[in-house]
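**Q** In full-length UniProt numbering, the protein residues as written are 1 to 264.
Please find one structure pasted underneath; my questions will follow.
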Ligand SMILES: NC(=O)c1ccc[n+]([C@@H]2O[C@H](COP(=O)([O-])OP(=O)(O)OC[C@H]3O[C@@H](n4cnc5c(N)ncnc54)[C@H](O)[C@@H]3O)[C@@H](O)[C@H]2O)c1
């Protein structure tokens, strides 16, 4: 198979595990030079070694907390120092807090999540755009299916993910004059360490995982690798797509289900 993103420079936030790791891998396997950040140097450095050895692309870990503006600016600067340009930015680092009702959620919790899940995507894009414009590059934002269909006891998370879809469209409009495409991916349930952690907080983790699998028409969760292929498609192949929201959901949004919570 020919390499689909050879020598292109890609930044991935939150690349040390889960969906981000799948995206880093897909790009390295297709010849890209990937710079990724995450929280936790040990996991990041281990993955840098593993994927760099794998090739044919390359992989560099930079420790960066995306909630810190100066660290995001540095992530972009280090990438340009290392490789001279940027072709693609993947905003992926984010968090789903444990489910709880609005009545028990504080303003401070909501503000912190907005900063992590949404403002970081905006700022990374802002710092990378001057370079992306030079290369007619693209941005890929990882949103979530729940940004469109909602989710129980998760109003702040759903709000951040819905806003990512809207921001993607607004930036696609603004950046079209620079030939920069801006798209997003909305995964449904994908088995990642985050999903496992959330399941472990429920009364019956195995039953929660089983229900998570059956939420899709396809009767299973998505994989990191499938998320990587979706990101690679948007970067390498989807050259006539901008402002789109690519659902990666196994059909979870289709058909009627037993949804009413009204007591009978
Ligand atoms: N797993 C799912 O089912 C699912 C579904 C829809 C959307 N998503 C979204 O996909 C993205 C990744 O989710 P995941 O399940 O792979 O999560 P995960 O927790 O397994 O991995 C998250 C990654 O982000 C990094 N990260 C977290 N906070 C960071 C910060 N402040 N600065 C830098 N890096 C940080 C972590 O180090 C890790 O590498 C998130 O935006 C999430 O909302 C996940």
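Heads up, the beta-carbon is just placed ideally off N, CA and C, and yes, glycines get one too.
Quick caveat: nothing in here was measured; it's all calculated off a predicted structure.
#1: At the 7 Å Cβ level, is residue 200 part of the contact set with chain C, yes or no?
#2: With distance defined between alpha-carbon atoms, name the residue in 217, 18 and 14 nearest to residue 255.
#3: Cβ-heavy atom distance between residue 65 and ligand 1 below 6 Å?
#4: Say the cut is 6 Å; is the CB of residue 208 nearer than that to a heavy atom of ligand 1?
#5: For the 8 Å Cβ check, are there 3 or more pairs between the segment 169-182 and the segment 199-212?
#6: Count the other C-beta atoms from every protein chain shown that fall within 10 angstroms of the C-beta of residue 70, then say buried if there are 16 or more, exposed otherwise.
#7: Measuring only from the beta carbon, is residue 39 closer than 6 Å to any heavy atom that is part of ligand 1?
#8: According to DSSP, is residue 248 helix, strand or coil?
#9: How long is the line joining the alpha carbons of residue 265 and residue 82, rounded to whole angstroms?
#10: Roughly how many whole angstroms lie between the Cα atoms of residue 23 and residue 146?
#11: Report yes if the C-beta of residue 19 is less than 6 Å from at least one heavy atom of ligand 3; otherwise report no.
#12: Going by CA-CA distance only, name the one from 212, 138 and 210 that's closest to residue 240.
#13: Using only CA atoms, which one of 43, 166 and 126 lies nearest to residue 76?
#14: Between the segment 32-43 and the segment 1-13, do three or more beta carbon pairs fall short of 8 Å?
#15: Between the Cα of residue 134 and those of 114, 95, 88 and 64, spot the shortest distance and give me the residue it belongs to.
#16: Just to confirm, are residue 190 and residue 221 a CB contact at a threshold of 7 Å?
**A** In short:
#1: Absent from the structure: chain C. Only one protein chain is present.
#2: Translated into the one-based positions of the chain shown, residue 255 becomes position 255. It is 217 whose Cα lies nearest to the Cα of residue 255.
#3: On the chain shown, residue 65 is found 65 positions in, with the first residue counted as 1. Yes; taking the cut-off as 6 Å, the Cβ of residue 65 has a heavy atom of ligand 1 nearer than that.
#4: Locating residue 208 in the chain shown gives position 208, where the first residue counts as 1. False, no ligand heavy atom lies under 6 Å from that Cβ.
#5: Too few Cβ pairs lie closer than 8 Å, so no.
#6: Taking the first residue of the chain shown as position 1, residue 70 is located at position 70. For residue 70, the number of other beta carbons within 10 angstroms of its own is below 16, and it is reported as exposed.
#7: Counting from 1 along the chain shown, the entry for residue 39 is found at position 39. Yes; taking the cut-off as 6 Å, the Cβ of residue 39 has a heavy atom of ligand 1 nearer than that.
#8: As a position in the chain shown, residue 248 is number 248, starting the count at 1. Strand at residue 248.
#9: Past the boundaries of the shown model lies residue 265; the chain is included only from 1 to 264, so the question cannot be answered.
#10: Taking the chain shown and counting its residues from 1, one reaches residue 23 at position 23. Taking the chain shown and counting its residues from 1, one reaches residue 146 at position 146. For residue 23 and residue 146, the distance between alpha carbons rounds to 20 Å.
#11: Among the ligands in the structure shown, ligand 3 does not appear; only ligand 1 can be found there.
#12: Taking the chain shown and counting its residues from 1, one reaches residue 240 at position 240. When each option's Cα is compared against that of residue 240, the closest is 138.
#13: If you number the chain shown from 1, residue 76 lands on position 76. When each option's Cα is compared against that of residue 76, the closest is 126.
#14: yes
#15: As a working note, residue 134 is residue 134 in the chain shown. Per the Cα distances, 88.
#16: The sequence position of residue 190 within the chain shown is 190, counting from 1. The sequence position of residue 221 within the chain shown is 221, counting from 1. Contact flag set, yes.
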